[in-house]
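**Q** Residue numbering for the sequence shown follows this note's numbering, beginning at 5 and increasing consecutively.
Even for Gly, the Cβ is constructed at its ideal location relative to N, Cα and C.
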Amino acid sequence: MHYHNTFLSCKWQGIHSILSAMTPKQTASFHKKALMQNESRILIVDDDGSLCKCVEEALSGNGLSCTSVQDPIKALKTIHSGQYEIAILDINMPRMDGISLAKDIKKKHPHVGIIIITGYGSLHNAVEAIKAGVYDFIQKPFKIDELLLSVKRLGKLLELEREVASKTEDLKKSEKRYRTLIENTADGVALIQKDKIVFHNKALRKILGYDQRTQNKSKLQDLIYADDRETASQYMKDILGGSDQGPTQYRLKKKDGSICWTSVNTTLMEYQGQATLLSSFRDITPSVEMDNMRKDMERMLRHDMRSQLIGILGFINRLINHTPLTEPQLEYCRYIHQCGVQLENMIETYLDISRLEQGFFVLKKDHLNLLDVVKQSRDALRELADRKNIHIAIIFNHKIYSIEDSLSFFGDRIYLQNAFNNLLKNAIEASPPDMGVKIKVQEKETHIKVDDLVKSHAAVLRSN
């Protein structure tokens with residue numbers, strides 16, 4: 005609010021003489037002070053027709069679009085029907101004073117900026133003008149450049165207000181869009197400040213088993229399973245300290261007291277002027293439970309079932325090799341032994357597949373005699389081969405080897421054994437009786453290729 009004390013006659017003749025006496029440079033200066041040339045719409049209200057005409061001509065000459073009205077009641081109708089940015093009002097008018105008119109304009113058109121001009125300047129009027137939302141209070145008589153300067157400043161202020169309002173509206177729309185996205189994402193999302201949840205979406209409520217937004221202001225630590233709190237706390241401290249952390253896992257307590265496993269990804273951001281953790285939570289409970297079941301199954305196969313199987317195979321071998329048996333009894337024992345070997349291979353295959361699925365499968369390489377692997381496969385399948393009177397030959401790099409020879413190889417013995425067992429079994433089953441199975445081994449730079457020559461079953465065994 006400005007209170008002007010500059011006095012100069014404001015009669016039409018006086019103002020006209022001032023404008024006529026301006027140099028081209030002064031006129032250009034007034035043009036630069038114009039608010040928004042060819043865009044601003046200004047309503048001038050004064051019961052003095054000559055003053056209205058004077059001000060209208062001065063402002064119009066500086067590129068501003070002006071309308072003048074002498075009746076304040078008519079002025080209200082005029083401003084309601086048009087898009088005006090600024091209203092210049094006299095304070096002392098019949099039917100309605102300028103302060104009351106300013107209040108009515110601001111009530112229905114709060115975006116309109118108001119300047120009061122008066123020949124009755126007083127502290128009371130100035131205070132009332134402030135209460136009415138008036139931008140400037142200019143006392144008559146005044147210099148025209150003072151009014152132009154006030155209009156210019158008010159125009160800039162209104163332009164800034166429009167820009168702020170536009171950006172605020174854009175920000176609200178953007179926030180609404182992001183809030184909609186966050187609210188409808190499948191993962192739980194929370195904003196955490198000083199361990200308190202200041203925002204969370206409905207997906208997190210669903211994970212925790214809550215129907216309403218009841219977790220705002222709750223401490224995140226209270227929702228974390230007790231055994232995982234220390235790990236989760238350190239994870240968040242590291243991120244707040246600037247450390248770039250990847251996703252982690254910890255358990256949350258649900259409303260019904262049950263536990264759910266979550267994969268948590270957290271980043272550091274600023275929200276409402278404070279350091280804030282943006283965390284996403286994905287319920288991985290089914291995956292964790294399935295993984296635990298797989299581990300239990302592997303443990304049972306690896307230890308319990310395999311231990312029993314080793315005992316069975318050992319006992320059958322003792323019966324076959326150290327016990328007088330009739331031919332039918334020997335045949336039964338060999339069949340039991342064959343089934344045991346097949347079951348052992350099935351266990352190893354399952355364990356291999358399980359490790360491959362988890363990405364944990366690692367070859368345990370060592371130096372070995374490849375012919376020992378073939379010999380063990382032949383012994384395991386002796387019953388099947390003898391029944392069809394099939395003999396086995398090994399060809400390495402076009403040279404025939406006997407089982408007593410040595411063929412150095414570097415690889416995983418268990419994996420190789422399973423591969424040879426399956427390859428040789430398929431070859432024997434596919435061979436007609438009284439035929440031979442030839443195992444052809446070709447050495448390459450990074451692997452060896454093994455073929456049986458019955459129906460071209462093949463396997464590639466890598467040595468690196």
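Does the beta carbon of GLU387 fall short of 7 angstroms from some heavy atom of the ligand ATP?
**A** Of the ligands one can find in the structure shown there are none, so the ligand ATP has no counterpart to examine.
**Q** Taking C-alpha atoms, which residue in THR280, VAL292, GLN276, ILE186 lies nearest to VAL245?
**A** Looking up residue 245 in the sequence shown gives position 241. The displayed chain sequence assigns Gly, not Val, to residue 245. Selected option, being the one with the closest Cα: THR280.
**Q** Check whether the Cβ atoms of ILE399 and LYS442 sit closer than 8 angstroms, and answer yes or no.
**A** In the sequence shown, residue 399 corresponds to position 395, counting from 1. In the sequence shown, residue 442 corresponds to position 438, counting from 1. Contact flag set, yes.
**Q** Helix, strand or coil: how does DSSP classify ASN269 here?
**A** Taking the first residue of the sequence shown as 1, we reach residue 269 at position 265. Three-state DSSP puts ASN269 in a strand.
**Q** As a quick exercise: from CYS58, ARG255, LEU272, SER262, pick the residue whose alpha carbon is nearest that of ILE243.
**A** The sequence position of residue 243 within the sequence shown is 239, counting from 1. Among CYS58, ARG255, LEU272, SER262, the Cα nearest to that of ILE243 belongs to LEU272.
**Q** Apply the 10 Å Cβ neighbour rule to HIS204 and answer buried if 16 or more other Cβ atoms are within range, or exposed otherwise.
**A** As a position in the sequence shown, residue 204 is number 200, starting the count at 1. So HIS204 ends up on the buried side.
**Q** By DSSP, does HIS326 sit in helix, in strand, or in coil?
**A** Here residue 326 refers to the residue found at position 322 of the sequence shown. In this structure, HIS326 counts as helix in the three-state DSSP scheme.
**Q** Would you kindly work out how many angstroms separate the C-alpha atoms of ASN66 and PHE146, rounded to a whole number?
**A** Here residue 66 is taken as the residue at index 62 of the sequence shown, counted from 1. Here residue 146 is taken as the residue at index 142 of the sequence shown, counted from 1. Each residue's Cα considered, the two are about 18 angstroms apart.
**Q** Which class does ARG99 belong to by DSSP, given the choice of helix, strand or coil?
**A** Here residue 99 refers to the residue found at position 95 of the sequence shown. Here ARG99 sits in coil by DSSP.
**Q** From the DSSP output, read off the bridge partner residues of LEU195.
**A** Along the sequence shown, read from residue 1 onward, the residue named residue 195 stands at position 191. Partner(s): PHE203, LEU282.
**Q** Along the alpha helix (DSSP H) that carries ALA236, what are the first and last residues, could you check?
**A** By 1-based counting over the sequence shown, the position of residue 236 is 232. First-last of the alpha helix (DSSP H) with ALA236: 233-244.
**Q** Under the three-state reduction of DSSP, which class applies to GLU89: helix, strand or coil?
**A** Stepping through the sequence shown from its first residue, residue 89 is reached at position 85. Of the three classes helix, strand and coil, the one that applies to GLU89 here is coil, per DSSP.
**Q** Decide yes or no for the touch test of the stretch 337-345 against the stretch 369-379: beta carbon pairs closer than 8 angstroms, at least 3 of them.
**A** Cβ pair count under 8 angstroms is below three, so no.
**Q** Express the C-alpha separation of ASP174 and VAL168 in angstroms, rounding to a whole number.
**A** As a position in the sequence shown, residue 168 is number 164, starting the count at 1. As a position in the sequence shown, residue 174 is number 170, starting the count at 1. Taking the straight line from one Cα to the other gives about 10 angstroms.
**Q** Within 8 angstroms of any Cβ in chain B, is that where the Cβ of GLU173 sits?
**A** Among the chains of the structure shown, chain B does not appear; only one protein chain is present.
**Q** Check whether the stretch 105-122 and the stretch 130-149 are in contact - that is, three or more C-beta pairs closer than 8 angstroms.
**A** Counting Cβ pairs under 8 angstroms, three or more are found: they touch.
**Q** Could you please give me the residues that DSSP links to GLN143 through a beta bridge?
**A** By one-based count along the sequence shown, residue 143 stands at place 139. Note: GLN143 sits in a beta bridge opposite THR122.
**Q** Out of GLN312, GLU89, ALA434, which has the shortest C-alpha to C-alpha gap to LEU161?
**A** Here residue 161 corresponds to residue number 157 of the sequence shown, with the count starting at 1. Ranking the options by Cα distance to LEU161, first place goes to GLU89.
**Q** Could you tell me the distance, in whole angstroms, from the CA atom of MET40 to the CA atom of GLU60?
**A** What you label residue 40 is simply residue 36 of the sequence shown in a count that begins at 1. What you label residue 60 is simply residue 56 of the sequence shown in a count that begins at 1. Note on MET40: pLDDT 42, under 50, position unreliable in the model; the coordinate value appears next. Spanning the two alpha carbons is a distance of roughly 16 angstroms.
**Q** Thinking C-alpha only, which one of LYS206, GLU387, LYS78 is nearest CYS337?
**A** What you label residue 337 is simply residue 333 of the sequence shown in a count that begins at 1. When only C-alpha atoms are compared, the closest one is GLU387.
**Q** Can you tell me whether PRO98 is buried or exposed? The criterion is at least 16 other CB atoms within 10 Å of its CB, across all chains shown.
**A** Taking the sequence shown and counting its residues from 1, one reaches residue 98 at position 94. The residue is exposed, with fewer than 16 neighbouring Cβ atoms inside 10 Å.
**Q** Taking ALA91 as the reference, which of MET100, CYS70, ILE77 has the closest Cα?
**A** The residue given as residue 91 occupies position 87 in the sequence shown. ALA91 has its Cα closest to that of CYS70, out of MET100, CYS70, ILE77.
**Q** With DSSP collapsed to three states, give me the class of VAL138.
**A** The residue you call residue 138 lines up with position 134 of the sequence shown. In the structure shown, VAL138 sits in coil (DSSP, three-state: anything other than H, G, I, E or B).
**Q** What is the residue span of the alpha helix (DSSP H) that ASP469 lies within?
**A** Residue 469 cannot be examined here, being either before or after the span of the chain that is shown, 5 to 468.
**Q** Starting from GLN253, trace the beta strand (DSSP E) both ways and give me its first and last residue.
**A** The sequence position of residue 253 within the sequence shown is 249, counting from 1. Taken as a continuous stretch (DSSP letters only), the beta strand (DSSP E) holding GLN253 covers 252-257.
**Q** Kindly indicate which three-state DSSP category SER291 falls into: helix, strand or coil?
**A** Stepping through the sequence shown from its first residue, residue 291 is reached at position 287. Reduced to three states, the DSSP call for SER291 is helix.
**Q** Drop a sphere of 10 angstroms on the beta-carbon of THR235, count the other beta-carbons inside from all chains shown, and report buried for 16 or more, exposed for fewer.
**A** Taking the first residue of the sequence shown as position 1, residue 235 is located at position 231. When all chains shown are included, THR235 counts as exposed.
**Q** Which residue comes first and which comes last in the beta strand (DSSP E) that contains GLU447?
**A** Working through the sequence shown from its first residue, we reach residue 447 at position 443. Element bounds for GLU447: 440-447.
**Q** I'd like the span of the alpha helix (DSSP H) that includes SER64, first residue to last.
**A** Stepping through the sequence shown from its first residue, residue 64 is reached at position 60. First-last of the alpha helix (DSSP H) with SER64: 53-64.
**Q** What number of angstroms, rounded off, separates the C-alpha of GLN421 from the C-alpha of PHE414?
**A** In the sequence shown, the residue the question calls residue 421 occupies position 417. In the sequence shown, the residue the question calls residue 414 occupies position 410. One C-alpha to the other measures close to 13 angstroms.
**Q** By Cβ distance, which residues of its chain are closer than 8 angstroms to TYR405, with the 5 residues on each side in sequence left out?
**A** As a working note, residue 405 is residue 401 in the sequence shown. Only LEU375, ILE398, ILE399, LEU411 meet the Cβ criterion.
**Q** Between which two residues does the alpha helix (DSSP H) holding THR184 run?
**A** The residue you call residue 184 lines up with position 180 of the sequence shown. Per DSSP, THR184 belongs to the alpha helix (DSSP H) from 148-188.
**Q** Which residues in the same chain as ILE228 place their Cβ atom closer than 8 angstroms to its Cβ, once the five residues preceding and following it in sequence are excluded?
**A** Mapped onto the sequence shown, residue 228 falls at position 224. Hits under 8 angstroms: ALA236, TYR254, ARG255, LEU256, LYS257.
**Q** Could you please give me the residues that DSSP links to THR71 through a beta bridge?
**A** The residue labelled residue 71 in the question sits at position 67 within the sequence shown. DSSP, once it has assigned bridges, lists LEU47 as partnering THR71.
**Q** Can you tell me whether ARG382 is buried or exposed, with buried defined as 16 or more other CB within 10 angstroms of its CB?
**A** Working through the sequence shown from its first residue, we reach residue 382 at position 378. Per the 10 Å Cβ criterion, buried.
**Q** What residues in its chain sit with their C-beta under 6 angstroms from that of ASP50, if we drop five residues either side in the sequence?
**A** For the purposes of this step, residue 50 is taken as residue 46 along the sequence shown, with counting starting at 1. The answer, listed in chain order, is CYS56, ASP94.
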